[in-house]
Amino acid sequence: MKIFIVFVLITLDFSACDATSTKKCPDGWTGFGRKCYKYVSDVKSWAEAERYCQGLGGNLASVHSNQTQSLLKKMGKMSGSYKRTWIGAQDATQDSWWLWSDGSVFDFSAWHSGEPNHAGQQEHCVEMNYGDEVLWNDAKCNTKLFFVCQKAANIPNNCRSV
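Letter by letter, the sequence shown follows residues 70 to 231 in my numbering.
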């Protein structure tokens, strides 16, 4: 009987967590893992896009896995084709020293073949959905593109990663 009660309590704890975490992202945002993502189909330069995302409580999206890359790629596929889209990486401080605008470690990349090429030392920001392979390209930061914002999901403290 005690085992049954413990099982019920654990189940209720996880059920309550599941019920509260269904609204972990605001309307118009997509939840994935511990992050919320918003695809913005308004064109801005990289810096303008970053400021816009900061105004929403986040940053341009950082990509740390193939799964996140796939999600953002799908979000960027509009009207039947992939749209060039800013993400949060840049190397404006030092060439080839890529940084994410949210301060996280640059531990994943999905460069298109031949990229990054810095094209005359003028390309310092990263776009995704570039070329036939819809991968990453370094581009001029003042180029006006769509973009993806990310922010932390609202996950209650009682929720645990299982």
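For each residue, glycine too, the CB sits at the ideal point set by N, CA and C.
Keep in mind it's a predicted model, so treat the numbers as computed, not measured.
Burial state of residue i, where buried means 16 or more other Cβ atoms lie within 10 Å
| i | result |
| --- | --- |
| VAL162 | Checking the sequence shown, residue 162 turns out to be Thr, not Val. Counting Cβ neighbours within 10 Å, THR162 comes out exposed, since fewer than 16 surround it. |
| ASN135 | exposed |
| ASP207 | buried |
| VAL75 | Low local confidence applies: a pLDDT of 36 at VAL75 is under 50, so the model's placement there is unreliable, with the coordinate-based value given in what follows. VAL75 should be labelled exposed. |
| GLN191 | exposed |
| TRP205 | buried |
| ALA188 | exposed |
| ASP82 | Low per-residue confidence applies at ASP82: pLDDT is 43, beneath 50, and the placement is therefore not dependable enough to give any value. |
Same chain, Cβ closer than 7 angstroms to residue i, neighbours up to 5 away in sequence not counted
| i | result |
| --- | --- |
| ASP176 | HIS133 |
| ARG103 | ALA221, ALA222 and ILE224 |
| LYS152 | GLY145, ASN198 and PHE215 |
| MET147 | SER110 |
Of the listed residues the options, nearest to residue i (C-alpha basis)
| i | options | result |
| --- | --- | --- |
| LYS128 | TRP169, GLN138 and ARG153 | Residue identity differs from the one stated: residue 128 is Asn in this sequence, not Lys. Checking every option, the nearest Cα to that of ASN128 belongs to TRP169. |
| GLY183 | SER173, ALA130, ASP160 and GLY200 | GLY200 |
| MET197 | GLY145, LYS220 and PRO225 | GLY145 |
| TYR121 | SER178, ALA222 and TRP155 | TRP155 |
| PRO185 | ASP164, GLU202, ASN223 and VAL174 | ASP164 |
| VAL195 | LYS93, TYR108 and ALA116 | ALA116 |
| GLN123 | TYR106, LYS143, SER178 and THR137 | TYR106 |
| SER150 | GLU119, VAL203, TRP180 and TRP166 | VAL203 |
| GLY126 | HIS181, GLY189 and CYS94 | CYS94 |
| ALA118 | GLN159, LEU140, THR137 and SER178 | GLN159 |
Own chain, CB closer than 6 angstroms to residue i, minus 5 neighbours either side, in chain order
| i | result |
| --- | --- |
| LYS209 | GLN191 and GLU192 |
| SER131 | GLY157, TRP169, ASP171 and SER173 |
| TRP167 | ALA158, ASP160 and PHE175 |
| THR99 | TYR106 |
| GLN219 | LYS104, TYR106, GLY127 and ALA130 |
Residues of its chain near residue i, where Cβ-Cβ distance is below 8 angstroms and the 5 sequence neighbours each way are ignored
| i | result |
| --- | --- |
| GLY97 | LYS107 |
| GLN138 | VAL132, PHE177, ALA179 and MET197 |
| HIS181 | TYR199, GLY200, GLU202, LEU204, TRP205 and ASN206 |
| LYS92 | ASN223 |
C-beta neighbour in chain D for residue i, strict 7 angstroms
| i | result |
| --- | --- |
| MET147 | In the displayed structure, chain D is absent; only one protein chain is listed. |
Ranges of the beta strand (DSSP E) found wholly within the stretch 130-200, counting only runs of at least 3: 154-159 and 194-199
Would the stretch 211-222 count as touching the stretch 108-127 if we require 3 or more Cβ pairs under 8 angstroms? yes
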